[in-house]
Each structure stands twice: as structure tokens, then as C-alpha cells.
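Encoded as C-alpha cells, the structure appears first; notes follow it.
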Amino acid sequence: MFDFLTKKFSSIFSKFSGNPRITQDNINTALEQVKESLLEADVPLEVINDFIENVKAKALGLQVNKALNAGEQFIKVVYQEDCSFLGGTNFVTPNFQIPSVIMVMGLQGSGKTTTVAKIAYFLKDLALKKGKPRNILLASVDFYRPAAIDQLEILAKSLDTLPAVAGGYGGHGGMNGRVDFYRSTHSNPVQAASDIYKKFKNNQYDYLLLDTAGRLHVDGNMLQELKEIDANLEPKYKILVLDSMTGQESLRVAKAFDQVVGFNSAILTKIDSDTRGGAAFAFKYMLKKPIIFLGSGEKPSDLELFYPDRMANRILGMGDMLSLIERAEAQIQKDDKERVTQNFASGNFSLEDFADQLKMMGKIGSLSKIVQYLPGMSGLNMTPEMIEKSESEIKRFKAMISSMTLKERIVPKILDASRKERIAKGSGTSLKDLNLLLERFEQSKQFAKLFNKKGGFKGMFK
Ligand SMILES: Nc1nc2c(ncn2[C@@H]2O[C@H](COP(=O)(O)OP(=O)(O)OP(=O)(O)O)[C@@H](O)[C@H]2O)c(=O)[nH]1
Ligand SMILES: [Mg+2]
Numbered sequence: 001m002f003d004f005l006t007k008k009f010s011s012i013f014s015k016f017s018g019n020p021r022i023t024q025d026n027i028n029t030a031l032e033q034v035k036e037s038l039l040e041a042d043v044p045l046e047v048i049n050d051f052i053e054n055v056k057a058k059a060l061g062l063q064v065n066k067a068l069n070a071g072e073q074f075i076k077v078v079y080q081e082d083c084s085f086l087g088g089t090n091f092v093t094p095n096f097q098i099p100s101v102i103m104v105m106g107l108q109g110s111g112k113t114t115t116v117a118k119i120a121y122f123l124k125d126l127a128l129k130k131g132k133p134r135n136i137l138l139a140s141v142d143f144y145r146p147a148a149i150d151q152l153e154i155l156a157k158s159l160d161t162l163p164a165v166a167g168g169y170g171g172h173g174g175m176n177g178r179v180d181f182y183r184s185t186h187s188n189p190v191q192a193a194s195d196i197y198k199k200f201k202n203n204q205y206d207y208l209l210l211d212t213a214g215r216l217h218v219d220g221n222m223l224q225e226l227k228e229i230d231a232n233l234e235p236k237y238k239i240l241v242l243d244s245m246t247g248q249e250s251l252r253v254a255k256a257f258d259q260v261v262g263f264n265s266a267i268l269t270k271i272d273s274d275t276r277g278g279a280a281f282a283f284k285y286m287l288k289k290p291i292i293f294l295g296s297g298e299k300p301s302d303l304e305l306f307y308p309d310r311m312a313n314r315i316l317g318m319g320d321m322l323s324l325i326e327r328a329e330a331q332i333q334k335d336d337k338e339r340v341t342q343n344f345a346s347g348n349f350s351l352e353d354f355a356d357q358l359k360m361m362g363k364i365g366s367l368s369k370i371v372q373y374l375p376g377m378s379g380l381n382m383t384p385e386m387i388e389k390s391e392s393e394i395k396r397f398k399a400m401i402s403s404m405t406l407k408e409r410i411v412p413k414i415l416d417a418s419r420k421e422r423i424a425k426g427s428g429t430s431l432k433d434l435n436l437l438l439e440r441f442e443q444s445k446q447f448a449k450l451f452n453k454k455g456g457f458k459g460m461f462k
């Protein structure tokens, strides 16, 4: 869903190329880019302007940071602002008290019925993990669309028979708790709601999940009806379902529901589709209510918790690059870094430096971690086997380099057959391993040359 925003943000780095500091001049073009990307993602202009002002004020006020270049610093500020717009880092897992009525509302086709099933699945799963079975009642007051109630009945049946624990005691009722469906005989939604509530109370269910009818547009009668049901049942939780494909329109919907019926939280559906990131952004900013889940597919299990910081990361599309920058800042000793950088820059690159490079990688973390953090790398499809192979390769490289004399490390050309044999033996590796090391070393030197042409290590994160 957020790919669109992602690509735009990636190009921002280039706006700072060659500049160590964020200045009034170079920040403007970068901010334009941010603004453009948010506009195209359908974020309302007033939200964008506010966001841009905040970013600008924070970025210009930054102290010079030796470890990060201007591009990195700017991205860090955009990320932090983005994160706080989306709700900050204080994430709390949604907790539904027992007993409680959970009423699900929203426009037609936004995904209400599917979401009711998803919440039931979530509650059942959570209860099982805690070892406390819960009984859940599903019911609908949607009498407008002919097959609406049947749809919920089918979903409820599929949930009740679901073997929720692998190899466990799945199946109907008992230790798993029940997921029941109830169809009221009343055809007036307000009366039906009260009838459903009686069923819920009399049978001591833990949760009642109430599905409601939707209309194509915000409609006064629909909201009035919901208001009455709300007054009669007093649901502890009123959840608004928002289709993330509706962009700015979803904001209007949310405001109308909030004014008439009120709601506690929202669930953003269809984030798996090719849609824009604006809805989450605008909703959080304008309504200041939590988004508790994301719907990411049509199945009951396609429900994800909403983490503002993860969402901000996704929007920025920098992978967890910020964490990588932070780890690098903290863990690589400055002198290590400078010496290797200087040797790199001077073209004076020996196996000794190669060993240092490997050591630095070790300080940042394992290769598998590094791969996860680098933008674009996660798409490379490195299998765990490939990563493991590379990691054991690196271990052997380190062992071979430690078995060499200083002279051999500085002038690897002198490595003849007998020296190679000695090194392989001394490090418990083979001639094939050693030749691979020398090959990788040559590649690394070529890489260093290319790097220097592009501005060296400092240009790495631009
Ligand atoms: N890809 C995807 N499809 C979804 C998601 N949520 C719902 N859908 C699909 O969207 C369509 C509408 O979903 P419903 O749950 O019937 O929506 P509703 O709000 O109950 O619709 P009405 O009852 O007609 O108002 C169905 O085809 C669902 O399978 C989601 O998160 N991802
Ligand atoms: Mg429905």
C-alpha cells in the first residue's frame, strides 16, 4: 500500500549531496519533495503544511552531528515527525474487557463484516494463547443488503470450527470457547439490536460483535439509527472501519461518524491493495484517535496490529536504515572508521583493511541483520541458507587473514603455492577457500575504486 510514498522519499537523499549541513537553501528542495509525495498520496493540504513546518523547524535547529550527514539527519527528522503524526511510539495492544459489546460501523463495502470476523478470530486466538477460552457471539443488524446476514453466518461457522491450536483440541466449543451466530427475528435494526443484546446477556457470552449496515455515502438516517442502537446497548467499544482506498474521503466519513455516534478507534482495511498512504496519516492527525488494526486481506486471519513506528518506516521506505545508522554511530569506534576510510580513499587497500572491514561488519551485527536493515536488500530474496553461507564464509576469511604475516596482508601478491598451503593449514581451511578470499578481496578493491568516484564512504547513505 505505501510503496507509492516510499519511492518518493528515497530520492530525497540526493537533495543534500555534498552538503554536510542542513541549510535554509538545501532544505527547501527536499521539503518540496516531501510535500509532493504527501499530496500525491492524498494527504489533505492542511495536514501537509503543518507537517512540513514542524519538520523544517526541527531540522534547521539541529546541531551539527559529526556522525551523520545532512541527508541522514533530515531523514531522521522526517521519520520522527512522521512517527509522532501517526501516534508516537507508545503502542498498546488493544485490550477488550469482558464482557463487552463491540459495535463495528462504517460505509458500505468498507469491510465491516469481514472485520467483525477478523476481530472474532483475534479474540479467539488471544484467549487460546492465554489459556482462557472465551465465548463470542456474532450478530448483524444489516437488513438492507439481502445476503449481508448470511455472509456473517458463514464466517461465524468457519471460525467456530477453526482448529485454532496446531495439533491441539480445535473444533467446536469446549476448551476452545465458542463462536456463535445469532439471527434476530426482528427486521427493524433498533429492535433487532436490543433482541441480540438480550441473547448476549442471557447466555453470558464474553463478547458480542455487532455488525451494522453501511450506506454508499454518509447518510443522516443511517447515523441516526446507529445513534439509537448506541443509546440502547451502550457498547464499550465502537470501532469505525475505514477503507484505505478512499483517501481524503475517509476523513469526511470519520468526522461525520464522530460527530453523531462517536467512536473509540478505527481499523484501516485493504492495506494490501495498491492504494495510497494518505488515509492513515490524515486520520491520525485530524481525529487523534487510535488506529488499532490494519486489515491486510480477505481472510479472518488477515488482521495486523497497528504500530506507528513501523508504519512510519514503511512510509519512508528506508528499511530500518535509521536503526542501522544508530547502531553504526554507537558501535563503530571512530578511529577504526577513520583509518579504514582513509585507506579506502587513498587506494591503499590491503588485506589488513579487508579484515578490519569484516570486523566492522561484526560490530554492526550479523549479516542477516544487516541485510534486513538495508533498503532494497530485503527484496533480494536472500534465503536463510544464503545468509548462513555468507556468514560462515566471512568467518573463514577472518581465520585465513589471521594466519598470514603482516607482509602477506599488505602485499598479497607474494602469496605463492607454498605460502598458500601454509595459510590454509594454519587456519583449518582449504586452498579453494583461500582463492575465494583473494577473489573477494580483488572485488572489494574494485568496489572501493567505484566508491571513491562516487564520493566515498560519506556518499554511501545519500
Ligand atoms: N483485499 C482486501 N479485501 C478486503 C479487506 N477487507 C474486506 N475486504 C473485501 O472487501 C469486500 C467488502 O467487504 P465486507 O466485509 O463485505 O464489507 P462491508 O463493509 O461489510 O460491506 P456492506 O455490508 O455491503 O456494507 C469483500 O469482498 C471483502 O472480501 C482487506 O483488508 N483486504
Ligand atoms: Mg457487511
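Anchor point for the sequence shown: position 160 equals 160 in the numbering used here, and the numbering is continuous, going up by one each time. From the three backbone atoms N, C-alpha and C, an ideal C-beta is built for every residue, glycine too. Quantities reported herein were computed from a predicted structural model and do not represent experimental measurements.
Legend entry - Pairwise C-alpha distance: residue 21 and residue 393: One-based indexing of the sequence shown puts residue 393 at position 393. One-based indexing of the sequence shown puts residue 21 at position 21. Going from the Cα of residue 393 to the Cα of residue 21 covers about 39 Å.
Inset, instruction - With a threshold of 16 other CB atoms inside 10 Å of the CB of residue 408, please say whether the residue is buried or exposed. - result: In the sequence shown, the residue the question calls residue 408 occupies position 408. In this structure residue 408 is buried. Its beta-carbon is surrounded by 16 or more other beta-carbon atoms within 10 angstroms.
Inset, instruction - Measure the C-alpha to C-alpha separation of residue 279 and residue 96 and round it to an integer number of angstroms. - result: For the purposes of this step, residue 279 is taken as residue 279 along the sequence shown, with counting starting at 1. For the purposes of this step, residue 96 is taken as residue 96 along the sequence shown, with counting starting at 1. The alpha-carbon atoms of residue 279 and residue 96 are separated by roughly 25 Å.
Inset, instruction - Spatial neighbours of residue 282 within its chain, please: CB distance less than 6 Å, with the 5 preceding and 5 following residues excluded, ordered by chain position. - result: The sequence position of residue 282 within the sequence shown is 282, counting from 1. Sequence-distant Cβ neighbours of residue 282 in its own chain, meaning closer than 6 Å and more than five residues away, are 43, 44, 47, 251.
Inset, instruction - With a threshold of 16 other CB atoms inside 10 Å of the CB of residue 167, please say whether the residue is buried or exposed. - result: As a first step, residue 167 is located in the sequence shown; it is residue number 167 there, counting from the start. Only weak support is given to the placement of residue 167: the predicted model assigns it a pLDDT of 37, under 50, and the value that follows is read from those uncertain coordinates. Taking every protein chain shown into account, the CB of residue 167 has fewer than 16 other CB atoms within 10 angstroms, so this residue is exposed.
Legend entry - Alpha-carbon spacing of residue 396 relative to residue 245, whole angstroms: In the sequence shown, counting from the first residue as 1, residue 396 sits at position 396. In the sequence shown, counting from the first residue as 1, residue 245 sits at position 245. One alpha carbon belongs to residue 396, the other to residue 245, and they sit about 51 Å apart.
Legend entry - Pair within 9 Å by beta-carbon distance, residue 117 and residue 182: For the purposes of this step, residue 117 is taken as the residue at position 117 of the sequence shown. For the purposes of this step, residue 182 is taken as the residue at position 182 of the sequence shown. Against a cut-off of 9 Å, the Cβ pair of residue 182 and residue 117 comes out as no contact.
Legend entry - Where the alpha helix (DSSP H) through residue 400 begins and ends: Within the sequence shown, the letter at position 400 stands for residue 400. Note, residue 400: alpha helix (DSSP H), 384 to 402.
Legend entry - CA nearest to the CA of residue 34, picked from 153, 82, 285: Here residue 34 is taken as the residue at index 34 of the sequence shown, counted from 1. Closest by alpha carbon: 82.
Inset, instruction - Please classify residue 32: is it buried, with 16 or more other beta-carbons within 10 angstroms of its beta-carbon, or exposed? - result: Here the question's residue 32 lines up with position 32 in the sequence shown. The residue in question, residue 32, is exposed, as its Cβ has fewer than 16 Cβ neighbours within 10 Å.
Legend entry - Best match in 129, 112, 179, 160 for proximity to residue 148 [C-alpha to C-alpha]: Residue numbering aside, residue 148 sits at position 148 when the sequence shown is read from its first letter. Put simply, of 129, 112, 179, 160 the residue whose alpha carbon is nearest the alpha carbon of residue 148 is 112.
Legend entry - residue 292, DSSP secondary structure in three states: Taking the first residue of the sequence shown as position 1, residue 292 is located at position 292. If DSSP states are grouped into helix, strand and coil, residue 292 belongs with the strands.
Inset, instruction - Reducing DSSP to helix, strand and coil, say where residue 405 ends up. - result: By one-based count along the sequence shown, residue 405 stands at place 405. Here residue 405 sits in coil by DSSP.
Legend entry - residue 98 versus residue 310 - alpha carbon distance: Here residue 98 corresponds to residue number 98 of the sequence shown, with the count starting at 1. Here residue 310 corresponds to residue number 310 of the sequence shown, with the count starting at 1. Going by the C-alpha atoms only, they are around 30 Å apart.
Legend entry - Limits of the alpha helix (DSSP H) - the one that residue 423 falls within: For the purposes of this step, residue 423 is taken as the residue at position 423 of the sequence shown. Here the alpha helix (DSSP H) through residue 423 covers 417 to 427.
Legend entry - Buried or exposed by the 16-neighbour rule on C-beta atoms within 10 Å, applied to residue 135: Your numbering for residue 135 matches position 135 in the sequence shown. By the 10 Å Cβ count, residue 135 comes out buried.
Legend entry - Around ligand 2, Cβ to any heavy atom closer than 7 Å, ordered along the chain: Here the residues come out as 112, 113, 142, 145, 148, 151, 211, 214.
Legend entry - Any non-hydrogen atom of ligand 1 within 8 Å of residue 298 CB: Translated into positions along the sequence shown, residue 298 becomes position 298. Closer than 8 Å to some heavy atom of ligand 1: that describes the Cβ of residue 298.
Legend entry - Three-state secondary structure assigned by DSSP to residue 128: As a position in the sequence shown, residue 128 is number 128, starting the count at 1. Helix at residue 128.
Inset, instruction - Identify, in the order they occur along the chain, each residue of the same chain with its Cβ nearer than 7 Å to the Cβ of residue 214, setting aside the five sequence neighbours on each side. - result: Here residue 214 corresponds to residue number 214 of the sequence shown, with the count starting at 1. Once the five neighbours on either side are set aside, the close Cβ partners of residue 214 are 106, 107, 108, 109, 110, 112.
Inset, instruction - Confirm the yes/no value for this check: CB of residue 270, any heavy atom of ligand 1, distance under 8 Å. - result: The count along the sequence shown starts at 1 and reaches residue 270 at position 270. For residue 270, the CB falls within less than 8 Å of some heavy atom of ligand 1.
Inset, instruction - Could you please give the first and the last residue of the uninterrupted alpha helix (DSSP H) stretch that includes residue 298? - result: As a working note, residue 298 is residue 298 in the sequence shown. First-last for residue 298: undefined, no H or E at that position.
Legend entry - Spatial neighbours of residue 212 in its chain, beta-carbon cut-off 7 Å, leaving aside the 5 residues before and after: Here the question's residue 212 lines up with position 212 in the sequence shown. Apart from sequence neighbours up to five positions away, the residues of its chain that approach residue 212 with a beta-carbon distance below 7 Å are 103, 104, 105, 112, 141, 142, 226, ordered along the chain.
Inset, instruction - Taking only the alpha-carbon atoms, compute the straight-line gap between residue 54 and residue 100 and give it to the nearest angstrom. - result: Position 54 of the sequence shown holds residue 54. Position 100 of the sequence shown holds residue 100. Rounded to the nearest angstrom, the gap between the Cα atoms of residue 54 and residue 100 is 40 Å.
Inset, instruction - Indicate, with yes or no, if ligand 1 has a heavy atom lying under 8 Å from the CB of residue 115. - result: If you number the sequence shown from 1, residue 115 lands on position 115. Result yes, Cβ under 8 Å from ligand 1.
Inset, instruction - Mind checking which residues open and close the alpha helix (DSSP H) that includes residue 190? - result: Working through the sequence shown from its first residue, we reach residue 190 at position 190. From DSSP, the alpha helix (DSSP H) with residue 190 extends over 189 to 202.
Legend entry - Three-state secondary structure (DSSP) of residue 81: Numbered from 1 along the sequence shown, position 81 holds the residue referred to as residue 81. Annotated three-state conformation of residue 81 is helix, per DSSP.
Legend entry - Proximal residues to residue 156 (C-beta, below 8 Å), its chain only, five neighbours per side dropped: Counting from one through the sequence shown, the residue named residue 156 turns up at place 156. In its chain, beyond the 5 residues on either side, 117, 120, 138, 179, 180, 181 have a beta carbon closer than 8 Å to the beta carbon of residue 156.
Inset, instruction - Rounded to whole angstroms, what's the CA-CA distance from residue 287 to residue 385? Just pull it up for me. - result: Locating residue 287 in the sequence shown gives position 287, counting from the first residue. Locating residue 385 in the sequence shown gives position 385, counting from the first residue. Taking the straight line from one Cα to the other gives about 46 Å.
Inset, instruction - Work out the CA separation of residue 247 and residue 57 for me, nearest whole Å. - result: Against the sequence shown, residue 57 aligns to sequence position 57. Against the sequence shown, residue 247 aligns to sequence position 247. When rounded, the distance between both Cα atoms is 28 Å.
Inset, instruction - Throw me the rounded Cβ distance for the residue 263 and residue 299 pair, which I believe falls under 8 Å. - result: For the purposes of this step, residue 263 is identified with residue 263 of the sequence shown, where counting begins at 1. For the purposes of this step, residue 299 is identified with residue 299 of the sequence shown, where counting begins at 1. Contact flag wrong, Cβ pair sits at about 25 Å.
Legend entry - Close beta carbons around residue 205, own chain, < 6 Å, minus the five adjacent residues each side: Start at 1 with the first residue of the sequence shown, and residue 205 comes out as number 205. Cβ within range, chain order: 135, 137.
Legend entry - Close Cβ partners of residue 186 (< 6 Å) along its chain, the five nearest in sequence each way excluded: Counting from 1 along the sequence shown, the entry for residue 186 is found at position 186. Take residue 186, set aside five residues on each side of it, and the residues of its chain with a beta-carbon closer than 6 Å to its own are 192, 195, in chain order.
Inset, instruction - Within 10 angstroms of the Cβ of residue 88, are there 16 or more other Cβ atoms? Answer buried if so, exposed if not. - result: Locating residue 88 in the sequence shown gives position 88, counting from the first residue. Residue 88 is exposed by the Cβ-count criterion.
Legend entry - Runs of alpha helix (DSSP H) lying entirely within the region 239 to 289, each at least 4 residues, in chain order: Secondary structure in the region 239 to 289: the alpha helix (DSSP H) runs of 4 residues or longer, each lying completely within the stretch, are 249 to 260, 278 to 287 in chain order.
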